[in-house]
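The block underneath contains the structure these notes are about, expressed in structure tokens.
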Amino acid sequence: MDSNLFPEGVTRCGLPKFSLWMAFVSIFFLWGVYAAVIIFANGIGVTGLDNYFGFGLWITFDLAVIALGAGAFFTGFLKYILKIDQLKNIVNLAVILGFLCYSGAMLILTMDIGQPIRAWFGYWHPNVHSMLTEVIFCITCYCTVLVIEFIPLILEQKQLNKIPFLHHFAHHLHVNMALFAGIGTFLSTFHQGSLGGMYGVMFGRPYAFRDGFFIWPWTFFLFVLSAVGSGPVFTVLVCTLIEKMTGKKLVDYKVKALMGKIAGSMLCLYMFFKIIDTWAWATGYLPSVGFTFDEMFYGNVYGKWLMWTELGLCGVVPAIMLITPSIRNNPTLLYTAAILDCIGISINRYVFTVQTIAIPVMPFDNWEIYTPNWAEWATSGMIVAYGALALSLCYRYLPVFPQEVKLNSNK
Amino acid sequence: MQQIEFDTKWTMVIDVDKCTGCGACMVSCQAENNIAPMEDGSNKLKTLTWLLVYELNNGKDFPERESAYLPRPCMQCGKPACVPVCPVVATTKDEEGGIVSQIYPRCIGCRYCMAACPYHARYFGWFDPIWPEGMEKALSPSTSTRPRGVVEKCNFCHSRLLDARARARAEDMDPNKLPDGWYKPACLEACPTGAISFGDSKNPEHKVHDLIKDKNAFRLLESLGMDPQVYYISRRDWVREQSDNHLPKDKH
Ligand code: SF4
């Protein structure tokens, strides 16, 4: 029915099947919308957050999706600036994912701040000392860049592309894409870094506080490295998920392996510094403020197993797997490594946001446990559903995968 | 962030050994600062308590068990963790006297300051303030009420400082050199045991000037270097030991 909207030369499932899928995802989306309405109407008192845990699932989710969305800027940088041409086959997906991750994070943020109507104060009364100010500026600018990167793809839709003006407009944007990729890289690097810096500068919180270089704590650089060490493989995972769901080959495996290699090299670099950082923190900084390494952990939700999983199973292991050609070239192993990598980075974002503030810094204070409630889960789920809906539409109607026709022609 | 020194340093000194944990300070703080009671106050982590009384113990069993009560207002840190992180300059430390302000109409409710403050001295308005019938007529006229969604905290009853300064001006005195006892936070006035002292620790005529030099005086979490303007006094070693984190090998 809608087949003349499909990209040139591809096949898609029937409209009823597609509608069924969209309706299914919409259930989660609407559940989240319902929660969001309640939150806007009654305030964030309806969430599981409290005075001990001002930051919780939302911030963890934001930080994790922003790290995983880093595939966009890093792939763009490699493709347009370093001219690694093979990446053209996956860069569209990376850009879409980046856009969805960033816009999703911004949607969550509008709920997360207590006075959403004052959100613009961040630009009007900026505090130049605050890492969050840097985050606010970079996240909006970068989101704009992602929109600019996304637009030509939308304009390349078969019917839209027939309109001469739109065709030329898209072409011009394409020609200048290196410029936007450059700006995007700059903005996103800073912004990933500032997110790390946000925690690293909290000198009242020994779990997160780090000394550093100039005004930036080490966590600034560690967050950038961890994001570029996981974003590309997240893109690969999403691509593979779409392939599995649609039963089509969309991107040549060589490209995926290349993305794995890139992420793997970055992850190695990250793990190298992260391990040194953890060591210096545990043996140098913590004793200087009267803490021991053991005191930083508690029970299961804040247990040491999180750290070992993050650094070992989901850090060193995938790093080695991804840089070893024989492992990387095996799809199952590549995907396993990619999943471990993404889990590791998400754990990192969780401990930096929740564990950091769960630790009682005053000796007579107690550990508190934070459990997100349905309102936080529903709204986070809404963002995932929003991503799935948008991605499904993009896959169906936009020429996202340049190799799709060729890879599926001899079937 | 560079630390600003002021000529006046409003300082609170709390004698932990005199505190009985009665909570009068907490109640007077609530009344003075128009802190709305919560409909359901069962979740203590969601209630607003600018000044919180902690119960400490020596970790021993009866009959050696001892308790102490430690009221915790905002420490008005010399090097506050909360100020540099605020993205919109809703909180600053730039007024003579060094009280860390919190500008409610400016606050966007991001709660980064709450995450940064290790003393848990900042509170978030999770719900709209609802006053029980009739109570809205008894609100304190000198303190603003806050909408939901902003962070609030103890400000040493700043409105009382303004009152004291106005009085000084009326009496032809220097409003920046208030005599001892002219400016008293509500908690101090309500304390039945006189555990709280307050004044300018840089002014030799103020009692707190000497009190902070007491050999039993201490501050919370000194090793973090936040330089609080709230001091505690206790003659009991085990209380002082709980003022900061120590490694087992440390000599207290
Ligand atoms: S006690 Fe907390 S809220 Fe008060 S000034 Fe210090 S860091 Fe800020």
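Going down the list, the protein sequences come from chains A and B. Heads up, the first sequence is in this note's numbering, so the first residue is 1 and it goes up one at a time. Heads up, the second sequence is in this note's numbering, so the first residue is 1 and it goes up one at a time. Backbone N, C-alpha and C define an ideal beta-carbon position, used for all residues, glycine too. Computed from a predicted model, the values in this text were never measured in an experiment.
_Within chain B, partners of Ile113 (chain A) - CB distance below 9 Å_ = Ile108, Gly109, Cys110, Arg111, Gly149
*Taking only beta carbons into account, state which residues of the segment 28 to 62 of chain A come closer than 7 Å to chain B, listed in chain order.*
Gly43, Ile44, Gly45, Asp50, Asn51, Tyr52, Gly54, Phe55
*Assigned exposure category for Tyr123 (chain A) - 16 Cβ within 10 Å defines buried*: exposed
*Taking the alpha carbon of Leu178 (chain B) as the point to measure from, which residue in B:Val100, B:Cys74, B:Leu247, B:Lys202 has its own alpha carbon closest?*
B:Lys202
*Using the beta-carbon count (16 or more within 10 Å), is Glu376 (chain A) buried or exposed?*
buried
*If we ignore side chains and look at the alpha-carbon of each, how far apart do Leu78 (chain A) and Leu222 (chain A) end up?*
20 Å
*Can you pull every residue whose C-beta falls closer than 7 Å to some heavy atom of the ligand SF4, listed in chain order?*
A:Gly204, B:Cys74, B:Met75, B:Gln76, B:Cys77, B:Pro80, B:Ala81, B:Cys82, B:Val83, B:Val100, B:Cys113, B:Ala116, B:Cys117, B:Tyr119, B:Ala121, B:Arg122, B:Lys153, B:Met226, B:Pro228
*Cβ neighbour criterion (16 or more within 10 Å) applied to Ala195 (chain B)*: buried
_At the level of alpha carbons, what is the spacing between Lys315 (chain B) and Arg235 (chain B)?_
What is shown of chain B runs 1 to 252, which leaves residue 315 (chain B) out entirely.
*Three-state secondary structure (DSSP) of Gly122 (chain A)*: helix
*What does Arg122 (chain B) pair with, by DSSP beta-bridge criteria?*
B:Lys153
*asked:* Among A:Met106, A:Pro164, A:Leu155, A:Met266, whose alpha-carbon lies nearest the alpha-carbon of Ile136 (chain A)?
replied: A:Met106
_Under 9 Å between C-beta atoms of Tyr104 (chain B) and Ser42 (chain B)_ = no
*Are the CB atoms of Ala338 (chain A) and Gly260 (chain A) nearer to each other than 9 Å?*
yes
_chain B within 9 Å of His191 (chain A), Cβ atoms only_ = no
*Which first and last residues belong to the alpha helix (DSSP H) in which Phe190 (chain A) is found?*
177 to 200
*For Gly194 (chain B), the first and last residue of its enclosing beta strand (DSSP E)*: Gly194 (chain B) -> no beta strand (DSSP E), and no H or E assigned at all.
*Relative to chain A, which residues along the segment 121 to 134 of chain B have a C-beta separation below 8 Å, given in chain order?*
Arg122, Tyr123, Phe124, Gly125, Trp126, Phe127, Asp128
*Would you kindly work out how many angstroms separate the C-alpha atoms of Met1 (chain A) and Phe150 (chain A), rounded to a whole number?*
26 Å
*Taking just the CA atoms, how far does Ser26 (chain A) sit from Ser159 (chain B)?*
52 Å
*Where does the unbroken beta strand (DSSP E) through Asp112 (chain A) begin, and where does it stop?*
Careful: Asp112 (chain A) lies outside any beta strand (DSSP E), inside the alpha helix (DSSP H) at 88 to 112.
*Ignore the nearest five residues each way along the sequence and tell me which others in Glu222 (chain B)'s own chain have a CB closer than 8 Å to its CB.*
Ser243, Asp244
*Check each residue of the segment 212 to 231 of chain B: if its Cβ is closer than 7 Å to any Cβ of chain A, include it; give the result in chain order.*
Leu220, Leu221, Ser223, Leu224, Met226
*State the DSSP-derived secondary structure class of Val33 (chain A), mapped to helix, strand or coil.*
helix
_I need the straight-line Cα distance from Thr185 (chain A) to Asn161 (chain A), nearest angstrom please._
28 Å
*With Arg349 (chain A) and Ala67 (chain A) assumed to form a contact (beta carbons below 8 Å), what rounded beta-carbon distance in angstroms separates them?*
6 Å
*For Val361 (chain A), does the three-state DSSP call read helix, strand or coil?*
coil
*If you draw a straight line from the alpha carbon of Phe121 (chain A) to that of Gln159 (chain A), how long is it in whole angstroms?*
41 Å
*asked:* Residues of chain B with CB closer than 7 Å to the CB of Thr133 (chain A), please, in chain order.
replied: Pro87
*asked:* Counting only Cβ pairs nearer than 8 Å, list the residues of chain A close to Asp244 (chain B).
replied: Gly290, Pro363
*Considering only residues of the same chain and omitting the five flanking positions on each side of Ile113 (chain A), which have a CB-CB separation below 8 Å?*
Ala119
_Closest Cα partner of Leu70 (chain A) within the set A:Phe40, A:Gly43, A:Cys101_ = The sequence shown places Ala at residue 70 (chain A), not Leu. Closest by alpha carbon: A:Cys101.
*Looking at C-beta atoms only, is the number of pairs between the segment 64 to 76 of chain B and the segment 165 to 175 of chain B that lie closer than 8 Å three or more?*
no
_Three-state secondary structure assigned by DSSP to Trp10 (chain B)_ = strand
*By Cβ distance below 6 Å, which residues in the same chain neighbour Ser101 (chain B) in space, the five residues on each side in sequence not counted?*
Thr92
*Please name the residue, chosen from A:Leu389, A:Ser409, A:Gln403, A:Pro372, that lies closest to Thr60 (chain A) on a Cα-to-Cα basis.*
A:Pro372
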